[in-house]
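Sequence order for the protein chains is P and C. Straight run, no breaks: the first sequence in this note's numbering ends on number 313. Straight run, no breaks: the second sequence in this note's numbering ends on number 616. Let me begin by presenting the structure, written as structure tokens, before commenting on it.
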Amino acid sequence: MTDLLYNLPPDPILERRAAIQRLAAQSLRRRQSFSRGFEFAMAIALIISLIPLVSILYSLISKGWRYLSIPFISGLPPKGYAVLSSIGGIRNAVIGTVVIVGLAAIVAIPVGITTAIYLSESNGRVANTLRAAVEIMTGMPSILLGVFAAEIIVTRMNHQYSGIAGSFALSILIVPVIAKSSELALRGVPQTLREAGLALGARPSKVTRGIILPAALPGIITGTLLSLARAMGETAPVLLVTGYGSGILNLNPLGTMISMPLQIYKWNQFPDPTTSSQEESAVWGVALILVLFIMVLSIGSRLVAARMRRERR
Amino acid sequence: MSLAPNKEASPSEVAERISRSATSDRAYTLITRGVALVFGAVLLVFVWSVLNSAWPVIKQYNYHLLTSSVFSVGNGPYGALTLILDTLITTAIALFFAVPIGIGTALAILYVIPERSRTVVSSVVELLAAVPSVVYGLWGVVVFNGLFKNIFHQTVGLSIFLAGLVLAIMILPTMVAISRDVIAVVPRDLLEGAYSLGATRSRTLTRVIVPSARTGILGAIALAAGRALGETIAVAMVIGFSTYLPHSIFSGGATLASMIATKFGEATTEDLSALAALALMLMVITASVNAGARYLTRKASAS
């Protein structure tokens, strides 16, 4: 009986099916290996995008490490070393940065948050136009605000190059950033909270101050601190208006001031006179300290917000 | 009979309280709207002031301002053709590298690496955005430029190409963050549908996922381009200042923004007007690119 089965002639349909299965398996293998190759290429893209960050951090730390000391941060440059030198320190630039950004923040934070409150509560034509303007301003090249500040404060008001002109440019730069992120945070508060407040008889202003603002506060703080981090690293607007050559410590924002980014930029024109090597220049110390300031602000912003959210729960 | 002391406010008191809070409410509306509108007015003054200080040069040079390639600081003549070309070329080089790498990175973050490392990897890539542009410039001049010379065994040096590469790195976080967000909202059904039809992962991603996120990715590219067009300080540091028409991408150049930054300090009154005209061109270009980006990202999130 079984012999009979073995002696049957080969079934053409079965043979064709086997051939097709072979072909299909081949094609599947080919497509799968192509797919694996594609995934590999994407992983390579990811690695390529990580390389610059690693390289930047590595060069900042390896070249700037030895300048990371209290005397360098708090010291003053010797007379005659106006822009940058490894002798002495950079107190003038640290204080300049803090004063310029601080003054900008004092104006920009209230204006930005108030604008955000207005934008988050209105949907009229005026509000929509302003919203579009704010959004386009967040992508405006920062140098344009330097040109603006120079025109208004230096040319029209005939004031000298000064720290306050830099603050003016920076504040206009960051108001849109604060307004946009705060508006998002305010709009993220559930509508039911506002309705509950109104149902209890609270006035709209009271609801905003007492309910909506506190609920949106973590988001607002994150956005604000991030915008300050951005302002701290900005060079272009400050470059045009603060006047730089001064190596003298100046606490008065009405006079010329230098900031850390400006010092780094000017190093290109006036290299560190105390060393001829690009690698050993004090410019790396300034860059490392600047990046540390910025990292503290931007990581801090996330921690503060996360902590506030956790406490609420 | 004696009544318990009435703790409720008399009707007149209630009315007074309501009217007082109504006043404070009006004041509050006035203040928020007022501050917002004053800021809007400042933006108008900003545009007006740049236009106003550019006006003398625009009136004098007319369309030659756009078509002439000679821009000489120190009382002219002023023509921005070289600067506009260099701005466009550096941005094109930056996009050429940043777009494929950015989209690839976004796909890798979403579909290739393990899910729990996703947040960490994305925030590490976004750290690039926190590095100030002057530090990119410094790194570009000293480290990247040196690396370049070592690899190609020639003195490429500071050039339009180097500026384009540094810009590519600077816009990468924008590219990655936004394309990741728009790709992440593509409905999961599409992915599962493609898988169930037997499509491999690469085919699903390139034929289904990326095309569905097309509008959003275009928005990301426009935003990144806007950033590259207006970037000033890093470009000014690595482009190797030159105002001649570029004969190759390995020669020096100057973009609209880098020109303003480099020459503002030594400018005469007339130069200031010409630089303001450059600022105006930059404003028009970046505002329209950003408006386009806004339109595209809106459209992507609406659909």
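The beta carbon of each residue, even a glycine, is placed where N, CA and C say it ideally should be.
Where does residue i fall in DSSP's three states?
i: residue 314(C); result: Residue placement at residue 314(C) is poorly supported in this model, since its pLDDT is 42, which falls under 50; the coordinates still yield a value, given next. Looking at residue 314(C) - three-state DSSP - the assignment turns out to be coil, as it is neither helix nor strand.
i: residue 263(P); result: helix
i: residue 608(C); result: helix
i: residue 270(P); result: coil
i: residue 384(C); result: strand
i: residue 508(C); result: helix
i: residue 391(C); result: strand
i: residue 302(P); result: helix
i: residue 194(P); result: helix
i: residue 161(P); result: coil
i: residue 329(C); result: helix
i: residue 560(C); result: coil
i: residue 323(C); result: coil
i: residue 579(C); result: helix
i: residue 292(P); result: helix
i: residue 471(C); result: coil
i: residue 338(C); result: helix
i: residue 69(P); result: coil
i: residue 199(P); result: helix
i: residue 554(C); result: coil
i: residue 365(C); result: helix
i: residue 477(C); result: helix
i: residue 426(C); result: coil
i: residue 603(C); result: helix
Can you check which of these residues, the options, is closest to residue i by C-alpha distance?
i: residue 547(C); options: 486(C), 328(C), 452(C); result: 452(C)
i: residue 34(P); options: 590(C), 500(C), 441(C), 516(C); result: 516(C)
i: residue 136(P); options: 374(C), 607(C), 588(C); result: 607(C)
i: residue 538(C); options: 365(C), 396(C), 405(C); result: 405(C)
i: residue 350(C); options: 181(P), 19(P), 72(P), 125(P); result: 125(P)
i: residue 369(C); options: 408(C), 591(C), 603(C); result: 591(C)
i: residue 47(P); options: 342(C), 418(C), 327(C); result: 418(C)
i: residue 395(C); options: 443(C), 528(C), 383(C); result: 383(C)
i: residue 152(P); options: 615(C), 360(C), 611(C); result: 360(C)
i: residue 24(P); options: 397(C), 363(C), 511(C); result: 511(C)
i: residue 486(C); options: 543(C), 462(C), 583(C), 435(C); result: 435(C)
i: residue 371(C); options: 494(C), 585(C), 335(C); result: 585(C)
i: residue 544(C); options: 16(P), 45(P), 141(P); result: 141(P)
i: residue 423(C); options: 324(C), 509(C), 491(C), 393(C); result: 491(C)
Assuming residue i contacts residue j (C-beta within less than 8 Å), just tell me the rounded distance between them.
i: residue 186(P); j: residue 216(P); result: 5 Å
i: residue 480(C); j: residue 535(C); result: About 15 Å separates the two Cβ atoms, so there is no contact after all.
i: residue 154(P); j: residue 241(P); result: 6 Å
i: residue 89(P); j: residue 74(P); result: 6 Å
i: residue 254(P); j: residue 162(P); result: 5 Å
i: residue 526(C); j: residue 477(C); result: The pair is not a contact, with the Cβ atoms about 26 Å apart (cut-off 8 Å).
i: residue 118(P); j: residue 345(C); result: 4 Å
i: residue 559(C); j: residue 402(C); result: 7 Å
i: residue 430(C); j: residue 563(C); result: So it is not a contact: roughly 39 Å between Cβ atoms.
Taking C-beta to C-beta, are residue i and residue j nearer than 8 Å?
i: residue 149(P); j: residue 165(P); result: yes
i: residue 231(P); j: residue 178(P); result: no
i: residue 146(P); j: residue 236(P); result: yes
i: residue 554(C); j: residue 567(C); result: yes
i: residue 442(C); j: residue 294(P); result: no
i: residue 225(P); j: residue 101(P); result: no
i: residue 551(C); j: residue 264(P); result: no
i: residue 205(P); j: residue 338(C); result: yes
i: residue 139(P); j: residue 182(P); result: no
i: residue 115(P); j: residue 352(C); result: yes
i: residue 583(C); j: residue 389(C); result: yes
i: residue 197(P); j: residue 220(P); result: no
i: residue 593(C); j: residue 354(C); result: no
i: residue 503(C); j: residue 530(C); result: no
Check for me: the alpha helix (DSSP H) holding residue i runs from which residue to which?
i: residue 135(P); result: 125–138
i: residue 532(C); result: 527–543
i: residue 421(C); result: Segment: none, residue 421(C) is in no alpha helix (DSSP H) and carries neither H nor E.
i: residue 457(C); result: It is not in any alpha helix (DSSP H) - residue 457(C) carries neither H nor E in the DSSP assignment.
i: residue 253(P); result: Taken as a continuous stretch (DSSP letters only), residue 253(P) belongs to no alpha helix (DSSP H), as it is neither H nor E.
i: residue 227(P); result: 213–233
i: residue 514(C); result: 514–517
i: residue 22(P); result: 12–64
i: residue 146(P); result: 142–149
i: residue 240(P); result: 236–241
i: residue 121(P); result: 91–121
i: residue 432(C); result: 431–443
i: residue 204(P); result: 204–207
Strictly below 9 Å CB to CB, what residues from chain D border residue i?
i: residue 554(C); result: Going by chain labels, chain D is absent from the structure shown, which instead holds the protein chains P and C.
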